[in-house]
Structures are given as structure tokens and as C-alpha cells.
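2 protein chains.
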Amino acid sequence: MDVASKILLVVLDGAADRPTFENKTPFRSASLPFLDQLAREGILGIMDVIGPGTPPGSDTAHLSLLGYSPKDVYSGRGPFEAAEVGIDVKPGDIAFRGNFATVKDGRVVDRRAGRISDTHLLAEAIRKQVHLDAEFIFKESAGHRAAFVLRGGGLSPSITDTDPHRASALLQSKPTAAGAPAEKTAKLVNDFTRQVCETLNDHPVNRKRVEAGELPANAILLRGAGAVPHLVPFEKRTGLKAAVIAATALVIGIGKLAGMDYVPTVGATGHVDSNIDGKVTNVNNALKTHSFVLLNIKGADEAGHDGDFNAKTQFLARVDTALSRLEIDESTLTVITADHTTAVGVREHSGDPVPFLVHGKGVRADQLNGFDEFFAAQGGMNRIRGIDLLPVLIDLLGKGQKFGA
Amino acid sequence: MDVASKILLVVLDGAADRPTFENKTPFRSASLPFLDQLAREGILGIMDVIGPGTPPGSDTAHLSLLGYSPKDVYSGRGPFEAAEVGIDVKPGDIAFRGNFATVKDGRVVDRRAGRISDTHLLAEAIRKQVHLDAEFIFKESAGHRAAFVLRGGGLSPSITDTDPHRASALLQSKPTAAGAPAEKTAKLVNDFTRQVCETLNDHPVNRKRVEAGELPANAILLRGAGAVPHLVPFEKRTGLKAAVIAATALVIGIGKLAGMDYVPTVGATGHVDSNIDGKVTNVNNALKTHSFVLLNIKGADEAGHDGDFNAKTQFLARVDTALSRLEIDESTLTVITADHTTAVGVREHSGDPVPFLVHGKGVRADQLNGFDEFFAAQGGMNRIRGIDLLPVLIDLLGKGQKFGA
Numbered sequence: 002m003d004v005a006s007k008i009l010l011v012v013l014d015g016a017a018d019r020p021t022f023e024n025k026t027p028f029r030s031a032s033l034p035f036l037d038q039l040a041r042e043g044i045l046g047i048m049d050v051i052g053p054g055t056p057p058g059s060d061t062a063h064l065s066l067l068g069y070s071p072k073d074v075y076s077g078r079g080p081f082e083a084a085e086v087g088i089d090v091k092p093g094d095i096a097f098r099g100n101f102a103t104v105k106d107g108r109v110v111d112r113r114a115g116r117i118s119d120t121h122l123l124a125e126a127i128r129k130q131v132h133l134d135a136e137f138i139f140k141e142s143a144g145h146r147a148a149f150v151l152r153g154g155g156l157s158p159s160i161t162d163t164d165p166h167r168a169s170a171l172l173q174s175k176p177t178a179a180g181a182p183a184e185k186t187a188k189l190v191n192d193f194t195r196q197v198c199e200t201l202n203d204h205p206v207n208r209k210r211v212e213a214g215e216l217p218a219n220a221i222l223l224r225g226a227g228a229v230p231h232l233v234p235f236e237k238r239t240g241l242k243a244a245v246i247a248a249t250a251l252v253i254g255i256g257k258l259a260g261m262d263y264v265p266t267v268g269a270t271g272h273v274d275s276n277i278d279g280k281v282t283n284v285n286n287a288l289k290t291h292s293f294v295l296l297n298i299k300g301a302d303e304a305g306h307d308g309d310f311n312a313k314t315q316f317l318a319r320v321d322t323a324l325s326r327l328e329i330d331e332s333t334l335t336v337i338t339a340d341h342t343t344a345v346g347v348r349e350h351s352g353d354p355v356p357f358l359v360h361g362k363g364v365r366a367d368q369l370n371g372f373d374e375f376f377a378a379q380g381g382m383n384r385i386r387g388i389d390l391l392p393v394l395i396d397l398l399g400k401g402q403k404f405g406a
Numbered sequence: 002m003d004v005a006s007k008i009l010l011v012v013l014d015g016a017a018d019r020p021t022f023e024n025k026t027p028f029r030s031a032s033l034p035f036l037d038q039l040a041r042e043g044i045l046g047i048m049d050v051i052g053p054g055t056p057p058g059s060d061t062a063h064l065s066l067l068g069y070s071p072k073d074v075y076s077g078r079g080p081f082e083a084a085e086v087g088i089d090v091k092p093g094d095i096a097f098r099g100n101f102a103t104v105k106d107g108r109v110v111d112r113r114a115g116r117i118s119d120t121h122l123l124a125e126a127i128r129k130q131v132h133l134d135a136e137f138i139f140k141e142s143a144g145h146r147a148a149f150v151l152r153g154g155g156l157s158p159s160i161t162d163t164d165p166h167r168a169s170a171l172l173q174s175k176p177t178a179a180g181a182p183a184e185k186t187a188k189l190v191n192d193f194t195r196q197v198c199e200t201l202n203d204h205p206v207n208r209k210r211v212e213a214g215e216l217p218a219n220a221i222l223l224r225g226a227g228a229v230p231h232l233v234p235f236e237k238r239t240g241l242k243a244a245v246i247a248a249t250a251l252v253i254g255i256g257k258l259a260g261m262d263y264v265p266t267v268g269a270t271g272h273v274d275s276n277i278d279g280k281v282t283n284v285n286n287a288l289k290t291h292s293f294v295l296l297n298i299k300g301a302d303e304a305g306h307d308g309d310f311n312a313k314t315q316f317l318a319r320v321d322t323a324l325s326r327l328e329i330d331e332s333t334l335t336v337i338t339a340d341h342t343t344a345v346g347v348r349e350h351s352g353d354p355v356p357f358l359v360h361g362k363g364v365r366a367d368q369l370n371g372f373d374e375f376f377a378a379q380g381g382m383n384r385i386r387g388i389d390l391l392p393v394l395i396d397l398l399g400k401g402q403k404f405g406a
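In order, the protein sequences belong to chains D and S. For the first sequence, my numbering gives the first residue as 2, with consecutive numbering after it. For the second sequence, my numbering gives the first residue as 2, with consecutive numbering after it.
What follows is the structure, given as C-alpha cells:
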């Protein structure tokens, strides 16, 4: 068959935008000679990653782009963060994202405990001294972050966060659904929260911090409760051996739960100063051993959340230069897209469709002259949904699943 | 009302493609003055006949284009082939496609019994001498082909074929679903297969064939088991009196099951040498007595399966010439499309969207300059699904089913 044999899916996190001035988005403003060249040779389109008018989370967006229906597998972000920090989560577990925080008289003084950097002794104390009526796993992560997993039957993710999200009172978790599982889970979370405070308040690490004038890390705020889904392994579903190259815990965690190989990149931070060149080198290597590579590049999202048009534009130009080092030819289907719009004027994810391009053997090239939201809206792919992207790509490899005879 | 009153749906079987060289498909390469003219006056679009990235079968595709959801009515191809050979199949019947074949020592020597041409005496013997624990209908068709139907309660299409598809051992049918119906059906199929071998082995027709050095037709291979669906008659659903003009059993059978009148065409073979002119004459006549005509023209699919770009291109040019004799004006909504892509580079059905055009009164003409996959992707209809085509056409006739007040 005369078809491509590999897929490279490049997700420029939050890179899509709305026009900010002179009807220009960062994609339209930035100098993108490499992406423009791919666009001229490929086919473009716009994509509702979740659905029209629905702002995707990075989690639900990546699930969709990998062909997992978020409606079926997603109840919260926790499971993917827990997977990333190396917890061997199992279907049925309820997993949470956690922050070490500073609490005084029941009020959250700092959600990041003064951006504490080393929490391993505190985490060890939690693991030793907290005792719940269910099995739990607690693991510290980078900086002030952590993951918490409840295991055993009769649990539910339908509970509220203990994290007040803005500095405020430490919250009690409450069930958001009727029934024993949600009540039991909320009670376990509140038990955990109380015992953590008791355990950490006088911990030597915190005593030292207070003596040094630093904020003590004396509480854990939990959020993003989710039931760990059973993701059919990506390779089993698609026949493609997959690798994920990313800096953000979430994307790495999704990849791990989908059974992908995670290829770490030194200096990849998820910020605008991230080591994109290192990621591109990793992609070039991964394409020699894998038939599907997911590359997530995160900085544009951050600039969007900051409302910084110029930073976003400059970052995209840097990304273009880095991507021009990709060793790809017609035998690789290269997809460039974003997981969502992070509009500079909104400083948040928005539901506008994202642009995408597909380059490689078999595509009906539409001969548009560049890559941005405006060209993409004229593209030969027209408008598709995120969940449809992977089947379209698999079909371009000549491996579509025929329905009928 | 100032609307068209009839619909002509022309399905160029497997005619859509991917670009093979210089970004050209057969549609783009072929000289198509008539289709180009229709395109200039009509509206274009692309269509996911089943869904994005899903390669349609010809069966599921035609069901969709006629407004029957394949997910609801399709379990296998057998029912449509059985309907075509004139078996009065009923909802609940399990129907199969069959081949007369040559089996020696349990191995399939030839799947078509030396392309035997006259099987009516053998079929008669099967009908007389085979006795099953259920009612069955067996009917010979053109050449080595036949249809087999099991009737009665407690049956299921969830069984494997006895046809090994490539010359190999004759297979035992096995249930593919749990439960008594599938087990019972597999047992009936295996009983049938065994008794057919016993009946045909020493049949005078086969003795003569062996004496003449020909392969005996001493077995029936079954495949494509499907439960006969209840298709609400097309005329009842749409108010349109419908005719089908086609060469392939499958399309004719779908038309018959939908209650359409079948208008046979002498010399219509379903191959690239088919009598397209005869079909066009039949269409012109049928449009005088019917308000919906389905015309299927098959040769391009065959050329696609053969990977023959030039044959496909030349066939499409011939089709264009033949179609230019259509007696249509603005009062007929003329639709030109394909049921699926049969990509020359893949030699199989693929899931790429097909181009379509709608010509006639009421369409918002998009003034594109020709008919092919590339123009269609810029079309005013944008991208729709196959199941949505018929409602759009019915609505253009001013007969849309209003939802609300």
C-alpha cells in the first residue's frame, strides 16, 4: 500500500486564540515559515476538540485527540496526575491532585506553602502516621504538588474539593451525589485532611521552616477527584506503538494510562522557557522506534492565561524554529494542532475550534498558504470533532475499520 | 411551491480517491465537462458516508444514502443479496451469500467451482434432498453465486462464515455470541454444509463435469450472515415513488428491501465495460414515472481495487459522457456522489469523505468551477454525514419534517 506508516501528533497547548487586534491571532502574527510550509503541502481544518462552544480542559482534550471519549472515561483530573507521579493507579481507584499548603486557624494562608520545594520527609510522615478506613496512596511530586489515591470498593468521585482554590478557609469535602459511596469518600477525605494537619503541624521540617521565617507546609488541599478509568491500551486499539513527549504531568499521565512509553526531556518545563529543542530531538529518536508519537508543547497556554499576546506570538515563532528540525517526510503523517484555545482576551480556555493540519502521504492537499485559525477555517478537512481525529489518521494509514462489506 | 419535484441520486461506486500523483485524483484528472457544468450551477460538499475515518461497505453506504441508519438495520450483507435473487426475505430471517465451490478431502480447491455458469439442477437437488431442523430457502444466482436463508424463531447472525475466503479448508461455522440462537444457527449451517456435500458429490451434473475435466461444484460456502431488517418502505417514509437502476446484486437488493422498483438494464455488468448508456436511458424513462431514482454505476470501484489510476480516470470520463444524456432540468434535484473512496493507493475502501453535488431548484449555488474532491471540500454544503443527505434533499423538495411550531 502506498500510505504513510507513522503518525506524529504535535499539540501546541492552548496555542489557538481569538483575534486581539487587526483581526490577528498569535498564529497569524508570528513568523512560522516551517508550519506554513507544512500547510502548503498538507490539508487544513478546524476542530471542536470536545464540541462547539465547549472549552476543553487539557485533560479531556488530550483524551479526545487520542481517541478516548472523555464522556466515557473522564470524571476528574486526579487519575492522570497520579499516574504521572508513578502511582500504579487501577480502574476503580479515586484519585486526587494535591497541594502542600499553609493553614492557620483553619484558613488557607498560602495554597503552595511558600512554594516549598522538598516535601519528601513530610510525605513520609503522612504515609506513616495517617490511618484511614480504606487503603490509600500518597505521593509527593514536583514542588508543592502531590497525588492522593483512595482504593477499595464503594467509593465515588462525586465529592467537593477541600481546596478553596483561592486563599480562603480550608474546606470540608461534601458529597455531590446521593448514596453511600460519595458519603464514604467525602468522610475519608475529611479524615485524611484532619490527620494530615495533626501530623504536619509540629513536624521538624515545619518547625525549621517557621524558625527560618518560611511558611509551614501543614496541610494538603485536594482537588480534581476522578475515578481511574480503564483505558484500552492505545497500541491494542490502533496497532501503533506509541510514545509521549511532554513536560506537563497531566499529558504524561494520560500517555502512561494509555500504555504509551514516556520519553523524558531534560529542561522541558512546560513554560515559555521550555527546552523545545530537546523535545524535538526526542521526537526524532522516538520516530525510529515508535509508530505514534505525541508531542505536547506547553508555553503558549501559559502566555494565553497571562493575557500576553506578544509572549504568545514570540513563543510560537520559537516553536516553529524548533519544529523545523523535525526529521519527517511523506511517510510520517504529521499533525499540528492545539488542544484548545486559550484566548489572550479571556485569559482562560475557550470553546473556539482549534486549527489543525495534516501533512503526509494520501492527504488531499488544499494548497492554502499558511497555518493559522483563518486559513484552517478554509481547509479541505472542513470542521471535525476531536474524537474523530484519530480514526481519520488511522484510516490515512490504510488501517481504517470498515463498517459493512 | 417553487421547488424541485424529483430526486435523481447518482452513486458512482468507489469513485472518490486520494491524490495519487501531482495531488491529482481520478476525478481531478478526468475530463468531466458535464459534471463540471452541474457543479458550476449547483452546490458542492464533502460527506462522511458513515463517519469520519470509517471506510464504508457498499451496503452500509447505500443504506445511509437512502436514509436508513446502518447501525440500526445492518448486521451483514446476506439479506440484501438474498433479496436481489428474488427470495422474499422477511424480518427475522437469517440470510447468507453463497458460492458453489469445489471441495476435495475437506479442502477448498476452488472457491468458484471453476466459474460454473449453470447451477439450477444442483440447486434443485439441494432444495429436494437437504433436510434441516428449520425452514430454509436456497436459490442459485448468476454464475457460481447463490443465496441461503434460514427462517424461524431463535436464530442469530452471530456466527462465523464457512467460506475460508481464500482457498483453504472448508470451515465449520461457530457462534460468535453466547446463547442458544447463535449455537442453533451455527449447527443448522453446519448441517446444511454437510448435507450439501453429500447431495452434490455424485450428482450427474458433477459426474459430467469431472468426465469433461472440469471442477465439480460439490459444496456451498456461506458468508455475510445477516438478520433481515425491517426497512420502512422508502415511499412510506418519503412520499417518493422510487426506482433503482444498478448492476450489482447488493444495491438492487437494498432497493428491493426498501420497496423500490428495480429497473433492469441489459448489458449492465458492474464492471468498467458496463452498459452505462443503457442505464442512462432507463433513468430518463424512470424519471417519467418515479419521483426518486437511484442510479448506481460500479466500474470505478473495480479500477480502484485494481490500483489502476488510468482505468479509473478513463471510466469516469466515459461516465461523464453517458450522464450528459440525462434528461434533467431544474425540477429534478440531481445528486452526484460516491458511496465511498476506493483509493488507488490502498486498493480498498477508505474512510476519506466523498465529494457530492446537488443541482436543481433551491440550492444555494456556490459557483465552484468543477467537480472533484478538492472543489467539493470548498463547497457550500461543507461537510455532512451520509445519513443526513436524504433529509436535506427531501427538505429541498419542500417536504422537510418540521420539528416545533
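Backbone N, C-alpha and C fix where the C-beta goes; we use that ideal spot for every residue, glycine too.
Practice item. At 3 residues or longer, and completely inside the segment 242 to 287 of chain D: list those beta strand (DSSP E) runs for me, N to C. Key: Uninterrupted beta strand (DSSP E) stretches at least 3 residues long and entirely within the segment 242 to 287 of chain D occur at 243 to 246, given in chain order.
Practice item. Using alpha carbons as the reference points, say which of 279/S, 187/S, 9/S and 26/S lies closest to residue 301/S. Key: Cα-wise, what sits closest to residue 301/S is 26/S.
Review point. Along chain S, which residues have their Cβ under 9 Å away from the Cβ of residue 402/D?
Key: Per Cβ cutoff of 9 Å: 54, 55, 56 and 352.
Point to revise | Spatially closest choice to residue 353/D from 114/D, 382/D, 141/D and 387/D, by CA coordinates | key: Minimum Cα-Cα distance from residue 353/D among the listed residues 114/D, 382/D, 141/D and 387/D corresponds to 387/D.
Practice item. Could you give the DSSP three-state label for residue 207/D: helix, strand or coil? Key: Three-state result, residue 207/D: helix.
Exercise for review: Using the Cα positions of residue 303/D and residue 273/D, report the straight-line distance between them to the nearest angstrom.
Suggested key: The straight-line gap separating the alpha-carbon atoms of residue 303/D and residue 273/D is approximately 7 Å.
Check your understanding: Between the Cα of residue 13/D and the Cα atoms of 254/D, 63/D and 2/D, which residue gives the shortest distance?
Key -> Looking only at 254/D, 63/D and 2/D, the smallest Cα-Cα distance to residue 13/D is reached by 63/D.
Practice item. Compare the C-beta of residue 347/S with all C-beta atoms of chain D and state if any pair is closer than 7 Å. Key: Interface criterion met: the Cβ of residue 347/S is under 7 Å from a Cβ in chain D.
Exercise for review: Since I believe residue 395/D is in contact with residue 54/S (beta carbons under 8 Å), could you give me their beta-carbon distance rounded to a whole number of angstroms?
Suggested key: At roughly 6 Å, the Cβ-Cβ gap stays under 8 Å, so residue 54/S and residue 395/D are in contact.
Check your understanding: Out of curiosity, what's the CA-to-CA distance linking residue 182/S and residue 47/D?
Key -> About 47 Å.
Practice item. Give the residues of chain S in contact with residue 392/D, contact being defined as C-beta atoms less than 8 Å apart. Key: Here the neighbours are 52, 53, 54, 55 and 352.
Review point. Mind checking residue 71/D: buried by the 16 CB within 10 Å criterion, or exposed?
Key: Around the beta carbon of residue 71/D, 16 or more other beta carbons sit within 10 angstroms, so the residue counts as buried.
**Study point:** Segment limits, beta strand (DSSP E) that includes residue 150/D
**Key:** First-last of the beta strand (DSSP E) with residue 150/D: 146 to 152.
Point to revise | Complete runs of the beta strand (DSSP E) confined to the segment 213 to 237 of chain S [at least 3 residues] | key: Fully enclosed beta strand (DSSP E) runs of 3 or longer: 220 to 228.
Check your understanding: Can you give the beta carbon distance from residue 76/D to residue 228/D, rounded, assuming they're within the 8 Å contact cut?
Key -> The Cβ separation is near 5 Å, so the contact holds.
Review point. Just the Cα atoms here: how many angstroms apart are residue 107/D and residue 31/D?
Key: Rounded to whole angstroms, residue 107/D to residue 31/D spans 48 Å at the Cα level.
Review point. For a contact meaning CB atoms closer than 9 Å, what does residue 75/S contact in chain D?
Key: Near residue 75/S (Cβ distances below 9 Å), the residues of chain D are 404 and 405.
Exercise for review: With DSSP collapsed to three states, give me the class of residue 486/D.
Suggested key: What the structure shows of chain D is the stretch from 2 to 406, and residue 486/D is not part of that stretch, so it cannot be assessed.
Point to revise | Partner residues on chain D for residue 85/S, Cβ-Cβ distance less than 9 Å | key: Near residue 85/S there are no residues of chain D at all, since even the closest Cβ is about 14 Å away, more than 9 Å.
Practice item. Select from the segment 296 to 308 of chain S all residues with a C-beta closer than 7 Å to any C-beta belonging to chain D, and list them in chain order. Key: Within the segment 296 to 308 of chain S, no residue qualifies.
Review point. Is it the case that the Cβ atoms of residue 104/S and residue 219/S are separated by a distance below 7 Å?
Key: Yes, Cβ-Cβ distance for residue 104/S and residue 219/S is below 7 Å.
Practice item. Would you grab the beta carbon distance between residue 145/D and residue 127/D for me? Rounded to a whole angstrom, and I think it's under 8 Å. Key: Your pair residue 145/D and residue 127/D does not check out as a contact, with CB atoms roughly 14 Å apart and the cut at 8 Å.
Point to revise | 7 Å Cβ shell around residue 133/D - same chain, five flanking residues per side excluded | key: Once the five neighbours on either side are set aside, the close Cβ partners of residue 133/D are 189, 192 and 193.
Point to revise | First through last residue of the beta strand (DSSP E) which encompasses residue 293/D | key: That run of the beta strand (DSSP E) goes 293 to 298.
Practice item. Go ahead and pull the three-state DSSP assignment for residue 139/S. Key: In the displayed model, residue 139/S falls within a strand according to three-state DSSP.
Review point. In terms of DSSP beta bridges, what is residue 333/D paired with?
Key: 7/D.
Point to revise | Nearest-angstrom Cα separation, counted from residue 135/S out to residue 52/D | key: A direct Cα-Cα distance of roughly 50 Å separates residue 52/D from residue 135/S.
Review point. Taking C-alpha atoms, which residue in 124/S, 324/S and 157/S lies nearest to residue 33/S?
Key: Residue 33/S has its Cα closest to that of 324/S, out of 124/S, 324/S and 157/S.
Practice item. Pair every Cβ in the segment 248 to 262 of chain S with every Cβ in the segment 76 to 88 of chain S, then say whether three or more of these pairs are closer than 8 Å. Key: Yes, the segment 248 to 262 of chain S touches the segment 76 to 88 of chain S.
Check your understanding: Roughly how many angstroms lie between the CA atoms of residue 198/D and residue 212/D, to the nearest whole one?
Key -> Near 19 Å, if we compare the C-alpha coordinates of residue 212/D and residue 198/D.
Point to revise | Anticipated Cβ contact below 8 Å, residue 161/S with residue 174/S, distance rounded | key: Residue 174/S and residue 161/S do touch by the CB rule: their CB atoms are close to 5 Å apart, below 8 Å.
Exercise for review: Please report how far the alpha carbon of residue 339/D lies from the alpha carbon of residue 357/S, in whole angstroms.
Suggested key: Those two C-alpha atoms are separated by around 30 Å.
Exercise for review: Consult DSSP for residue 108/S and reduce its assignment to one of helix, strand or coil.
Suggested key: It is a strand residue.
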